[in-house]
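The structure under discussion appears below in the form of structure tokens.
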Amino acid sequence: MEQYKRKIYLEDKPRAEALEQILAACELTPEIDYLGTVDALGRVTAEPIFARVSMPHYHASAMDGIAVVAESTYQAHEQHPLFLKKETEFCFVDTGNAIPSPFNAVIMIEHVHIVDEDTIEIIEPATPWQHIRPIGEDIVQEEMLFPQGHTLRPADLGVLLAAQQLVIPVVKKPVVTIIPTGNELVEANAELSSGKIIEFNGTVFSGFIKDWGGEPKLHSIVKDEPEKIKEVLLEAAETSDIIVINAGSSAGRKDFTVHIIAELGEVYTHGVAARPGKPTVLGKINGKIVVGVPGYPVSAYLALEWFVRPLVCQYLGIPEPLRQTVTVKLGRRIVSSMGAEDFVRMNIGYVDGQYVANPLTRAAGVTMSYVRADGLLIVPPNVIGYEQGETAEVELLRPLEEIKHAIVFCGSHDLTIDLLSSGLKRARTDMKIVSSHVGSMAGIMAIRKGEAHVAGIHLLDPSTKQYNVSYVRKMLAGQDVVLYPFLKRKQGWILPKGNPLEIAAVTDLVRTEANFVNRQKGAGTRILFDLLLEEAGLEPEAITGYEREMFSHLAVAAEVNGDANCAGLGIYPAAKAMGLDFVPVADEEYDLVMTRSFYESESGRQLLAIIQSAAFREQVEQIGGYQVVENPVLKCLAEEVKS
Ligand SMILES: Nc1nc2c(c(=O)[nH]1)N[C@H]1C(S)=C(S)[C@@H](COP(=O)(O)OP(=O)(O)OC[C@H]3O[C@@H](n4cnc5c(N)ncnc54)[C@H](O)[C@@H]3O)O[C@H]1N2
Ligand code: MOO
Numbered sequence: 001m002e003q004y005k006r007k008i009y010l011e012d013k014p015r016a017e018a019l020e021q022i023l024a025a026c027e028l029t030p031e032i033d034y035l036g037t038v039d040a041l042g043r044v045t046a047e048p049i050f051a052r053v054s055m056p057h058y059h060a061s062a063m064d065g066i067a068v069v070a071e072s073t074y075q076a077h078e079q080h081p082l083f084l085k086k087e088t089e090f091c092f093v094d095t096g097n098a099i100p101s102p103f104n105a106v107i108m109i110e111h112v113h114i115v116d117e118d119t120i121e122i123i124e125p126a127t128p129w130q131h132i133r134p135i136g137e138d139i140v141q142e143e144m145l146f147p148q149g150h151t152l153r154p155a156d157l158g159v160l161l162a163a164q165q166l167v168i169p170v171v172k173k174p175v176v177t178i179i180p181t182g183n184e185l186v187e188a189n190a191e192l193s194s195g196k197i198i199e200f201n202g203t204v205f206s207g208f209i210k211d212w213g214g215e216p217k218l219h220s221i222v223k224d225e226p227e228k229i230k231e232v233l234l235e236a237a238e239t240s241d242i243i244v245i246n247a248g249s250s251a252g253r254k255d256f257t258v259h260i261i262a263e264l265g266e267v268y269t270h271g272v273a274a275r276p277g278k279p280t281v282l283g284k285i286n287g288k289i290v291v292g293v294p295g296y297p298v299s300a301y302l303a304l305e306w307f308v309r310p311l312v313c314q315y316l317g318i319p320e321p322l323r324q325t326v327t328v329k330l331g332r333r334i335v336s337s338m339g340a341e342d343f344v345r346m347n348i349g350y351v352d353g354q355y356v357a358n359p360l361t362r363a364a365g366v367t368m369s370y371v372r373a374d375g376l377l378i379v380p381p382n383v384i385g386y387e388q389g390e391t392a393e394v395e396l397l398r399p400l401e402e403i404k405h406a407i408v409f410c411g412s413h414d415l416t417i418d419l420l421s422s423g424l425k426r427a428r429t430d431m432k433i434v435s436s437h438v439g440s441m442a443g444i445m446a447i448r449k450g451e452a453h454v455a456g457i458h459l460l461d462p463s464t465k466q467y468n469v470s471y472v473r474k475m476l477a478g479q480d481v482v483l484y485p486f487l488k489r490k491q492g493w494i495l496p497k498g499n500p501l502e503i504a505a506v507t508d509l510v511r512t513e514a515n516f517v518n519r520q521k522g523a524g525t526r527i528l529f530d531l532l533l534e535e536a537g538l539e540p541e542a543i544t545g546y547e548r549e550m551f552s553h554l555a556v557a558a559e560v561n562g563d564a565n566c567a568g569l570g571i572y573p574a575a576k577a578m579g580l581d582f583v584p585v586a587d588e589e590y591d592l593v594m595t596r597s598f599y600e601s602e603s604g605r606q607l608l609a610i611i612q613s614a615a616f617r618e619q620v621e622q623i624g625g626y627q628v629v630e631n632p633v634l635k636c637l638a639e640e641v642k643s
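For what it's worth, full-length UniProt numbering labels the leading residue of the sequence shown as 1, then goes sequentially.
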């Protein structure tokens, strides 16, 4: 599209300034919907609402018993029981009954002695209006029940019905048209080919907009054709209150969102000083605000929250909801760029009485990091970051209670952890495992720094040929931890189907110049590979791809799957999962190192009970290449490590 030049340099406008501009530029006057009360849940009142009748609207008995004239009972006393005659001096009433005149008090049936059908005896006087709900005790006719701008909750609907308000003026939900654009986008059920991307941002945006009180209208995918995009934008400006156009916001050859908005209306901002989400476009077409959010999902979700949520709230006349925050200790150093805000997705664990948070990947295309995140650390523009161990405030994306009950699992990746996780969730709906796959060494370090409850490790000591024990004794010396034997699993060569290069030993990698896929430093598999090299008298330089590091067994298998000249080292189930060949090299011991306080805690006991259950063992052994250690005896006791 020759008429539109690439825009290479974006602005760095402070987010608050960009927002202020569009809030001021938004010309919408909220409209009113009149809804039946029963349909008004979650809606925002457009006007103050007053009671049409009182509740109760008559004097009502608050108890089961008898109605009396209080003044005529004053003589009653234990020594001078008073006898009352039915109809003239008392009448029976039940809770909720109207109190007939001239009665003005109720005595509970438990305090009444029934002498015969027409006579009762009381031994205590009643005070005027006791156990009577007077007219308007709850709601007084004409009182204001709710101001405008109130979001109606279930109990609010009860009040409205009781006050005979049957039609409620609520603010119309602002209609937000969402326009996904891109030639590469396809529907989720399409046949996939390289370069095609499933359109899912639109559905996520719709969900957010519903949650915020708007009415999403998801347009079908629009191709990168300026004329088509213009047509859709102009139509959306007619039929909706706010427009969200997705992608085409940065510097690509077909990123012309900004030019089209400028042509059809005006652009206020292209580029905000916040990451991810920087290449956001803010403008207006025919009186309607257009928010051009970047394509990368995480950037898009944040940009939507920064700019679309405030527009929806302004329209509805409600404040923006604030997230709960928690103070955390940072498990890792956080680096941020000066002059821009950084939104860092964080995992939070509750370990040894404090919240510890670690950053997840900052890649804007990794949706799972947003899905897994417990919170967002927002680094202000004038802060270049935080040191490890510093405290910081994190906005929560989940309830704190949920975070508090999570078992923080660190260390080497193993497929059985997912089984353990679902087993735990089945046994205890309030508990879960949060795992991060950082490798065995980093797992031990996390235990040492009090950032995790459990770490899965498989570290072979080349000198003793023994797994894990020497590492725990050395790296966790002086700490209150135990080493729990968990699994035996097969490690071996992960190879393309049919093993075309006929690899069976490390020397074969050199002979065939196979493309090796390594694991990251500190991973148990990496240590095993280095030992194999050493035993064969080889240097890392002899291996093609020694520097190519993957962070999990499955990632290694996925690499091998795509390349007939490839080879990796990893566990059998990863090879099996991808239909690859496997040549066993070692039986390794995958153990769990945990703080003693966790081992002895209720959560720890629960976790070990699942590990030792027959059902779990069966599930694990079915995968193949695994054996759960039966009747395990702790390999390392806290006392040994401590001394
Ligand atoms: N040379 C530069 N390149 C890029 C820059 C830059 O400043 N200079 N910014 C990067 C950043 S940061 C972001 S964020 C993205 C924004 O890209 P666009 O808004 O132009 O989006 P696309 O390129 O069309 O898409 C990017 C990516 O997003 C995913 N995507 C897009 N639409 C959808 C959808 N409807 N559903 C799901 N996923 C979607 C998809 O993975 C696309 O590949 O630009 C960087 N580049
Ligand atoms: O701004 Mo991009 O949105 O950093 O990923």
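Don't be surprised by glycine CBs; every beta carbon is placed ideally from N, CA and C.
So, at 8 Å on beta carbons, what are the nonlocal neighbours of residue i in its own chain, with the 5 sequence-adjacent residues on each side left out?
i           : result
residue 432 : 402, 405, 406, 407, 421, 424 and 425
Confirm the yes/no value for this check: CB of residue i, any heavy atom of ligand 1, distance under 6 Å.
i           : result
residue 296 : yes
residue 199 : yes
residue 255 : yes
residue 189 : no
residue 364 : yes
residue 182 : yes
residue 500 : no
residue 369 : no
residue 468 : no
residue 339 : no
residue 283 : no
residue 279 : yes
residue 220 : no
residue 247 : yes
residue 299 : yes
residue 207 : no
Measuring alpha carbon to alpha carbon, tell me which of the options ends up nearest residue i.
i           : options               : result
residue 351 : 622, 596, 610 and 136 : 596
residue 85  : 112, 64, 63 and 59    : 112
residue 612 : 533, 516, 556 and 487 : 487
residue 129 : 175, 608 and 73       : 73
residue 476 : 626, 593 and 37       : 593
residue 271 : 17, 334 and 430       : 17
residue 494 : 300, 573, 240 and 622 : 573
residue 105 : 617, 78, 114 and 69   : 69
residue 210 : 248, 316 and 221      : 316
residue 96  : 300, 56 and 87        : 56
residue 142 : 153, 162 and 64       : 162
residue 21  : 361, 624, 263 and 281 : 281
residue 195 : 188, 189, 183 and 203 : 183
residue 460 : 471, 480, 116 and 637 : 471
In whole angstroms, give me the CA-to-CA distance for residue i and residue j.
i           : j           : result
residue 172 : residue 197 : 35 Å
residue 635 : residue 455 : 15 Å
residue 134 : residue 124 : 22 Å
residue 71  : residue 103 : 10 Å
residue 199 : residue 218 : 11 Å
residue 314 : residue 291 : 15 Å
residue 415 : residue 585 : 19 Å
residue 156 : residue 144 : 13 Å
residue 110 : residue 92  : 13 Å
residue 205 : residue 232 : 18 Å
residue 127 : residue 75  : 12 Å
residue 563 : residue 496 : 7 Å
residue 631 : residue 329 : 37 Å
Got a sec? Which residues, its chain only, sit under 7 Å from residue i by beta carbon, not counting five neighbours each side?
i           : result
residue 517 : 545, 548, 550, 556, 559, 560, 566 and 568
residue 525 : 491, 519, 569 and 570
residue 10  : 270, 271, 278 and 279
residue 309 : 212 and 320
Please check the pair residue i and residue j, which I expect to be a contact at CB under 8 Å, by giving their CB distance rounded to whole angstroms.
i           : j           : result
residue 304 : residue 208 : 6 Å
residue 458 : residue 552 : That pair is no contact at about 13 Å.
residue 40  : residue 168 : 5 Å
So, at 6 Å on beta carbons, what are the nonlocal neighbours of residue i in its own chain, with the 5 sequence-adjacent residues on each side left out?
i           : result
residue 627 : 488
residue 540 : 546
residue 185 : 197, 199 and 221
residue 411 : 440, 443, 455, 456 and 457
residue 28  : 241 and 315
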